[in-house]
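Read the structure below first, then the notes.
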Amino acid sequence: MSEDRSLQDSVQNLIDSPGGQIINDSAQFLRNKAKLLSFLFIISVVAAFSMTKSLVSWLIDDTRLPEDVNIIVTSPIEFILLQFQIAVSFGLVVITVYLILELVRKGSKNAAIRERLAELELKPPRFSLVFVTTVMAIVTLGIAGLVYSWNFLTPMILQYLTDDAQNAGLTTEWRLSGYVGFIVNLALACIVGFQAPVVTILTLRFGIATRQQIMQYRKHIWFTAFVLGAFLSPPDPLSLFLVAMPVVILFELAIIIDRLTNISNA
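Numbering-wise, the sequence shown is residues 0 to 265 according to numbering that gives the first Met the number 0.
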């Protein structure tokens, strides 16, 4: 009996703690917003699904494909499944953005979250110059990564892979889902990889690591960039190199910026 009561007390203490209150408040928020979230998701999926045909037609236009490359479907439902996948992904992005905005708007006013941040000696983000600059840097670097992927990386790699296959006497016919997935994976890899300066500068600014510590593990960071590039990019050496190298260059640029501005006070 004493063990059961001790367990009940532990569970109750956990529920009454700031962390438990945050979980309860989050669950209550999701229950209250369930209908709105469902409606927003369905509307987003329907709207995106109606535009996927035009998007796919734009992607497979002859001007965007290497010479003598054909895009094919290998099953009757491949195209509609791809449309559905794109639409659902768009719906999830819309829901995620909405939840993040709600978290920023209501989270800073939540007593449990404030108490938890106080325990961790952290301050909630405010719309200061640093916060706005960070958000702008994330958006700008993300757009730069997308532009790099679309205008330089994707055409170069597609041409390289096409020439390699055709020189071996192969007919270049690509599955629609594989082609679209290839482009999306490259774009996401570049968008994520181009955030390296933001991550590095924030790490230095908040004292998570010093410049000397980062320089000490520079080779390890380079190696990690190539490992992440292998996970995020298509499985060929050229893609790996062209995805990882900008990350390394941007990381080194962040170190130079820190040295010039002394952000980390090192």
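Quick reminder that beta carbons are idealized off the backbone N, C-alpha and C, glycines included.
query                                                                                                                                                      : result
Please identify the residue among SER49, LEU91, VAL55 and GLY168 whose C-alpha is closest to the C-alpha of PHE282.                                        : Outside the displayed range of the chain (0 to 265) lies residue 282, so it cannot be described from this structure.
Is the beta carbon of PHE193 closer than 8 Å to that of LEU140?                                                                                            : yes
Reducing DSSP to helix, strand and coil, say where GLU172 ends up.                                                                                         : strand
Which class does ILE71 belong to by DSSP, given the choice of helix, strand or coil?                                                                       : strand
What's the gap between the Cα of ARG63 and the Cα of MET50?                                                                                                : 19 Å
Given a cut-off of 8 Å on the beta-carbon distance, is the pair PRO196 and ALA243 in contact?                                                              : no
Please name the residue, chosen from LEU160, PHE130 and LEU175, that lies closest to LEU169 on a Cα-to-Cα basis.                                           : LEU160
Excluding the 5 residues flanking LYS52 on each side, which residues of the same chain have their C-beta closer than 8 Å to its C-beta?                    : GLN82
In chain order, what residues of the same chain lie with their CB nearer than 6 Å to the CB of PHE40, ignoring the 5 residues before and after it?         : GLY90 and ILE94
Residues in its own chain within less than 6 Å of VAL10 by CB, not counting five upstream and five downstream?                                             : With a pLDDT of 47 at VAL10, under the threshold of 50, the modelled position of that residue is not reliable, and the figure given next carries that caveat. Closer than 6 Å at the Cβ level, and outside the excluded window around VAL10, lies no residue.
Where does the unbroken alpha helix (DSSP H) through VAL210 begin, and where does it stop?                                                                 : The sequence given here places Arg at residue 210; Val does not occur at that position. Looking at the DSSP string, the run of the alpha helix (DSSP H) that includes ARG210 is 210-215.
Using CA coordinates, which residue listed in GLU66, LEU58, VAL45 and VAL44 is at the minimum distance from ASN166?                                        : GLU66
Between which two residues does the alpha helix (DSSP H) harbouring GLY144 extend?                                                                         : 128-147
Threshold first: 3 residues or longer. Then list the beta strand (DSSP E) segments lying entirely within the region 23-97, N to C.                         : 69-71
Contact defined as beta carbons within less than 8 Å: I believe VAL87 pairs with VAL44. What is the distance between those atoms, to the nearest angstrom? : 6 Å
If the criterion is Cβ atoms closer than 8 Å, does the pair ILE200 and ILE256 meet it?                                                                     : yes
Out of curiosity, what's the CA-to-CA distance linking ARG174 and ILE220?                                                                                  : 36 Å
May I have the straight-line CA-CA distance separating ALA265 from VAL226, to the nearest angstrom?                                                        : For ALA265, the predicted model reports a pLDDT of 48, less than 50, meaning its position is unreliable; a value from the coordinates is still stated below. Cα-Cα distance, rounded: 29 Å.
Could you spell out the range, first to last residue, of the alpha helix (DSSP H) harbouring LEU160?                                                       : 153-166
Under a three-way DSSP split, which group does PHE230 fall into?                                                                                           : helix
To the nearest angstrom, how far is it from the Cα of GLN158 to the Cα of LEU259?                                                                          : 40 Å
Report the residue from VAL183, LEU29, TRP57 and ILE71 whose alpha carbon sits nearest the alpha carbon of GLU172.                                         : ILE71
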